[in-house]
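Quick mapping for you: the protein sequence lines, in order, are chains B and H. Going left to right, the first sequence walks through residues 1 to 430 as our numbering numbers them. Going left to right, the second sequence walks through residues 431 to 676 as our numbering numbers them. Just so you know, even glycine gets a beta-carbon here, dropped at the ideal spot from N, CA and C. Since we're looking at a predicted model, the values are computed, not measured.
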Amino acid sequence: MLRLLATIRKEWLLLKRDRAGLALLFLMPVVLITVMALIEDAPFRDYQELKFDVLTVDNDHGRLARYIKEGLESSGQFTLVDSVDGQPLTTEKARQLVNEGDYRICIVIPRGATAAIVSNANRIVNDLSKRMGLPAVQPVKQRDDSLNVVIYFDPAAKKAFKSAIHNALDNFLTQVQTNLLLERIQLQLRRKNAGAADTDTLDIQLKAIGLQEQATGPVKQIDVIYNSVQHNVPAWSIFAMFFIVIPIAGNMIRERGDGSLLRIQLIPGSYLEVLAGKMLFYVGICVVQFYLMILVGIYLMPQLGLPRLTLGHSYLAAFIIALGIALAATAYGILIGTVFKTPNQALNFGAISVVILSAVGGIWVPLEVMPPGMQFLGRLTPMNWGLEAINDIYLRHAGTGHIWGNAGKLLALCVVMLWIAARIEKRRIS
Amino acid sequence: MIHVHNLHKTYRGALEPSLSGLSFRFPKGSIAGLLGPNGAGKTTTISILCGLVKADTGHAEVFGLRQDLAHRESIKRLIGIVPQQIALFPQLTAMENLEYFGHLYGLKGRPLRAKIDAYLQRFGLEKNSNKEIYKFSGGMKRRTNIIAALLHDPQLLVLDEPTAGVDVQSRSMILQFLREYNQQGVSILYTSHLLEEAQSLCSEVAVIDQGRLVLQGQPHALIQQHPECRNLEDVFLHYTGHALRD
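What follows is the structure in structure tokens.
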């Protein structure tokens, strides 16, 4: 125990003297997660959450235009802009503004759009009336040209964004047309039943079934949204924890180079105890890093206008996973420190391998948006095991019973890497 | 004290063996010099004696204990090693280094602190005990390197070129200490390329070359046996030749 505690103290003294190393371990990750959360805030927000300025050119001035405008505004996503610099928008001007990237969307409602919808509804009602033996009395335009509500998108707009807007507008158009049709049917029925007592109570309810979102987990309200903070804080915390490989590997190579490792090996007693002390120290550092970044997610992020990090309900499960990640990261550092002979080799390989593993493991972007092959590879990385487990805890409210799979994989990886490191060291000595 | 018998060692991937049947014996209580040109096999021999490296064949004994898995830890307790490198943590102070290595030997508290203070004073380092090692001069580093091997009161002190790169004053202090330490009953095994130093310090020397023993005896006796040689260095060159060993 004395050897273990002495080694922990020694590592602490070495780290304390290395101001730059301390800053790298604690300050840089805080800066990293803050910057990443800020940068990725907008891309991570649902388009439903964002508010866009929408140029609207109303050449119709009818019911359709009014309905579309009211619908867009009531959704809360859009701010309608129908004049620029005090001048009413024209189609050409609006198209130019969108093309230049000043606005992301423009909707042009063509002249006669409302009339075309009314005429179409009348035609359907007349047809139905004929079949029911009633007179076709609704006025219908003789020539019915096909009309389109035109949308212009910023050329840089993403496909998902375009699709969301398309769906929203399509929904409004369908609603307007359906409502008009129902109105005409009601009108026709009133005519038929003129003088009947129940005329005024005639009401057609089209929407019999609605949609309601409910929570899947034990918590009843849907309170956790997968936002920039919820992704970036755990994800980049794991990334930063794995960067512990650089000080560990550098430390081990220096100790081997300056002969202090040799002296330790010449002292009676198991070297494993010394290694355990070193490992415990760095595992502790990793866990402190993790919780420091969690505190940043809880207290600093909201100050920057970002959502607050939600922690789920099982602090023990989160601690177990933090410990698992720390063990895997520390063992990886020991392995790198054993394999490579110079600090430069270890630093370059360590940093690049952590970046690659993080990219593949879903730290930078969620695994779900990657191609299937990369998703498969990503699921083999410790970063992904850690991130999945944390998402389970924070987003899906999982407890200790649900994280053992990923925790077990992290621990197994730690054991395998230490075993390989021990084999290499033994081979080197022999 | 030390007995090596027919040691053979070829490192993995090496073209030449490091040791080719090396055998010698040093008595208890002696200051023994293990001498040889670069690549002669001195460090490999010390590594085998300490249990760091396993011989391919042959065996080594320290105070009657055969260096094998069963006795490795016991032998480590008997030996204090001063490696050729400054085997200390440069960012730690002398006191922190010595406390750490003392703790690894299972020493703690006041007895450890008292021992460290005494050695720091003996080696003229008491005023610099709280200075980081990287700020030390070469001689100060060498002296601290020696103290780290003494904390557990070894019966055999093994020093691999302990005076390399130090000034005359530091060397004189180190050699004086080794003589005094030997007079307390501690055996010393010492390697060096400084043959004049070995001649004045050692009660017995073994010269090895290309992994074999070429000469063993008391320095003055060896010089007397070779009338054409004025000193131990001449004897050494007589047996090992003038060819460079790069």
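**Prompt:** List, in order along the chain, the chain H residues whose C-beta lies closer than 7 angstroms to that of A6 of chain B?
**Reply:** Sequence index remark: in the first sequence, residue 6 of chain B carries index 6 (1-based). Ordered by position in chain H, the residues that pass the 7 angstroms Cβ test against A6 of chain B are Y530, H533 and L534.
**DSSP beta-bridge partners of A94 of chain B** = Taking the first sequence and counting its residues from 1, the one referred to as residue 94 of chain B is at position 94. When DSSP reads this structure, A94 of chain B sits in no beta bridge, so it has no partner.
**Prompt:** Is there at least one Cβ from chain H nearer than 8 angstroms to Q289 of chain B's Cβ?
**Reply:** Taking the first sequence and counting its residues from 1, one reaches residue 289 of chain B at position 289. Not closer than 8 angstroms to any Cβ of chain H, the Cβ of Q289 of chain B fails to qualify, so no.
**Item:** Exposure of G539 of chain H, with buried meaning 16 or more beta-carbon neighbours within 10 Å
**Value:** The sequence position of residue 539 of chain H within the second sequence is 109, counting from 1. With fewer than 16 other beta carbons inside 10 angstroms of its own, G539 of chain H counts as exposed.
**Prompt:** Given Q375 of chain B, which residues of its chain have a CB within under 8 angstroms of its CB, disregarding the five upstream and five downstream residues?
**Reply:** What you label residue 375 of chain B is simply residue 375 of the first sequence in a count that begins at 1. Same-chain partners within the cutoff: L367 and E368.
**Item:** Neighbour-count burial assignment, A548 of chain H, 16 or more Cβ in a 10 Å radius
**Value:** The residue labelled residue 548 of chain H in the question sits at position 118 within the second sequence. Exposed is the call here.
**Request:** Taking only beta-carbon positions, decide if A517 of chain H is within less than 8 angstroms of chain B.
**Result:** Sequence index remark: in the second sequence, residue 517 of chain H carries index 87 (1-based). So, interface residue.
**Item:** From B:I390, B:I393 and B:G362, residue whose alpha carbon lies closest to that of R379 of chain B
**Value:** Position 379 of the first sequence, counting from 1, holds the residue named residue 379 of chain B. Looking at the Cα atoms, B:G362 is the closest of the given residues.
**Request:** Using only alpha-carbon positions, find the residue among H:K545, H:H533, H:Q515 and H:V616 that is nearest to G569 of chain H.
**Result:** As a working mapping, residue 569 of chain H is identified with position 139 in the second sequence. Taking only the C-alpha atoms, the option nearest G569 of chain H is H:Q515.
**Prompt:** Between which two residues does the alpha helix (DSSP H) carrying N344 of chain B extend?
**Reply:** By one-based count along the first sequence, residue 344 of chain B stands at place 344. Residues P343 to V360.
**Message:** Taking CB distances under 8 angstroms as the criterion, tell me whether P592 of chain H reaches chain B.
**Reply:** Position 162 of the second sequence, counted from the start, is the residue given in the question as residue 592 of chain H. For P592 of chain H, the answer is no, since every Cβ of chain B falls outside 8 angstroms of its Cβ.
**Item:** Contacting positions in the segment 235 to 262 of chain B - beta carbon closer than 9 angstroms to chain H
**Value:** R254, E255, G257, D258, G259, S260, L261 and L262
**Item:** Exposure of K220 of chain B, with buried meaning 16 or more beta-carbon neighbours within 10 Å
**Value:** Here residue 220 of chain B refers to the residue found at position 220 when the first sequence is read from its first residue. Note that K220 of chain B scores a pLDDT of 47, beneath 50, so its modelled location is shaky and nothing firm can be said.
**Request:** Label G471 of chain H either buried or exposed according to how many other C-beta atoms from any shown protein chain fall within 10 Å of its C-beta, with 16 as the threshold for buried.
**Result:** Here the question's residue 471 of chain H lines up with position 41 in the second sequence. Per the 10 Å Cβ criterion, buried.
**Asked** By Cβ distance below 7 angstroms, which residues in the same chain neighbour D392 of chain B in space, the five residues on each side in sequence not counted?
**Response** Along the first sequence, read from residue 1 onward, the residue named residue 392 of chain B stands at position 392. These residues qualify, in order along the chain: A398, H402 and I403.
**Message:** Against R660 of chain H, what residues of chain B qualify as contacts under a CB-to-CB distance less than 8 angstroms, listed in chain order?
**Reply:** Along the second sequence, read from residue 1 onward, the residue named residue 660 of chain H stands at position 230. In chain order: nothing, as chain B lies at least about 36 angstroms away.
**Request:** Measure the alpha-carbon distance for K278 of chain B versus L311 of chain B and round it to whole angstroms.
**Result:** Here residue 278 of chain B is taken as the residue at index 278 of the first sequence, counted from 1. Here residue 311 of chain B is taken as the residue at index 311 of the first sequence, counted from 1. Their backbone Cα atoms lie some 30 angstroms apart in a straight line.
**Asked** So what's R420 of chain H in DSSP terms, helix, strand or just coil?
**Response** The requested residue 420 of chain H is not part of the displayed model; chain H covers only 431 to 676.
**Asked** Secondary structure at S617 of chain H, three-state DSSP: helix, strand or coil?
**Response** Translated into positions along the second sequence, residue 617 of chain H becomes position 187. Of the three classes helix, strand and coil, the one that applies to S617 of chain H here is strand, per DSSP.
**Request:** Name, please, each residue of chain H whose Cβ falls closer than 9 angstroms to the Cβ of L272 of chain B.
**Result:** Here residue 272 of chain B refers to the residue found at position 272 when the first sequence is read from its first residue. Within chain H, no residue comes near L272 of chain B; the closest Cβ sits about 13 angstroms away, beyond 9 angstroms.
**Item:** Interface flag, I222 of chain B vs chain H, CB-CB below 8 angstroms
**Value:** By one-based count along the first sequence, residue 222 of chain B stands at place 222. With a pLDDT of 48 at I222 of chain B, under the threshold of 50, the modelled position of that residue is not reliable, and no figure is offered here.
**Request:** Please name the residue in B:F349, B:A168 and B:Q175 whose C-alpha comes closest to that of G250 of chain B.
**Result:** As a working mapping, residue 250 of chain B is identified with position 250 in the first sequence. Residue B:F349 is the option with its Cα nearest to G250 of chain B.
**Asked** A121 of chain B to Y67 of chain B, Cα distance in whole Å?
**Response** Along the first sequence, one-based indexing puts residue 121 of chain B at 121. Along the first sequence, one-based indexing puts residue 67 of chain B at 67. Whole-angstrom Cα-Cα distance: 16 angstroms.
**Message:** Our contact map puts A329 of chain B next to C286 of chain B with C-beta atoms below 8 angstroms; I'd like the distance itself, whole angstroms only.
**Reply:** Working through the first sequence from its first residue, we reach residue 329 of chain B at position 329. Working through the first sequence from its first residue, we reach residue 286 of chain B at position 286. Going by Cβ atoms, the distance from A329 of chain B to C286 of chain B rounds to 6 angstroms, so yes, they are a contact pair.
**Asked** Leaving out the 5 sequence neighbours to the left and right, which residues in its chain are closer than 7 angstroms to V339 of chain B when beta-carbon positions are compared?
**Response** By one-based count along the first sequence, residue 339 of chain B stands at place 339. Only I424 meet the Cβ criterion.
**Message:** Given this structure, state the Cα-to-Cα distance separating D170 of chain B from L411 of chain B, to the nearest angstrom.
**Reply:** Here residue 170 of chain B refers to the residue found at position 170 when the first sequence is read from its first residue. Here residue 411 of chain B refers to the residue found at position 411 when the first sequence is read from its first residue. Cα-Cα distance, rounded: 51 angstroms.
**Residue range of the unbroken alpha helix (DSSP H) whose run includes A6 of chain B** = Within the first sequence, residue 6 of chain B is the residue found at index 6, counting from 1. L2 to R17 is the span of the alpha helix (DSSP H), which, as asked, contains A6 of chain B.
**Item:** Same chain only: Cβ atoms within 6 angstroms of N436 of chain H, ignoring 5 sequence neighbours per side
**Value:** Within the second sequence, residue 436 of chain H is the residue found at index 6, counting from 1. Contacts found: G451, S453 and G488.
**Item:** Cutoff 7 angstroms; reference L495 of chain H; Cβ partners in own chain excluding five residues on either side
**Value:** What you label residue 495 of chain H is simply residue 65 of the second sequence in a count that begins at 1. The answer, listed in chain order, is H501, S504 and I505.
**Asked** Considering only C-alpha positions, which residue in the set B:P29, B:G112 and B:T56 is nearest to G62 of chain B?
**Response** Counting from 1 along the first sequence, the entry for residue 62 of chain B is found at position 62. Out of B:P29, B:G112 and B:T56, B:G112 has the C-alpha closest to the C-alpha of G62 of chain B.
**Item:** Beta-bridge pairing of D58 of chain B - partner residues as DSSP gives them
**Value:** The count along the first sequence starts at 1 and reaches residue 58 of chain B at position 58. B:I109, per the DSSP bridge assignment.
**Bridge-paired residues (DSSP) for E701 of chain H** = This structure does not reach residue 701 of chain H, given that chain H is present from 431 up to 676, and the question cannot be answered.
**Message:** Once the 5 residues before and after T114 of chain B are set aside, which same chain residues still bring their CB inside 6 angstroms of it?
**Reply:** Translated into the one-based positions of the first sequence, residue 114 of chain B becomes position 114. Taking T114 of chain B as the centre and dropping the five residues before and after it, the same chain places the C-beta of D60, G62, R63 and L64 closer than 6 angstroms to its C-beta, in chain order.
**Request:** Determine contact between the segment 650 to 658 of chain H and the segment 464 to 481 of chain H, defined as no fewer than three beta-carbon pairs at a distance below 8 angstroms.
**Result:** no
**Message:** Given a cut-off of 8 angstroms on the beta-carbon distance, is the pair L589 of chain H and V512 of chain H in contact?
**Reply:** Residue 589 of chain H sits at position 159 when you count from the first residue of the second sequence. Residue 512 of chain H sits at position 82 when you count from the first residue of the second sequence. Contact flag set, yes.
**Message:** For V245 of chain B, tell me which candidate among B:R254, B:G337 and B:A317 has the shortest Cα-Cα distance.
**Reply:** Residue mapping note: residue 245 of chain B aligns to position 245 of the first sequence, counting from 1. The shortest CA-to-CA distance from V245 of chain B to any of B:R254, B:G337 and B:A317 is the one to B:G337.
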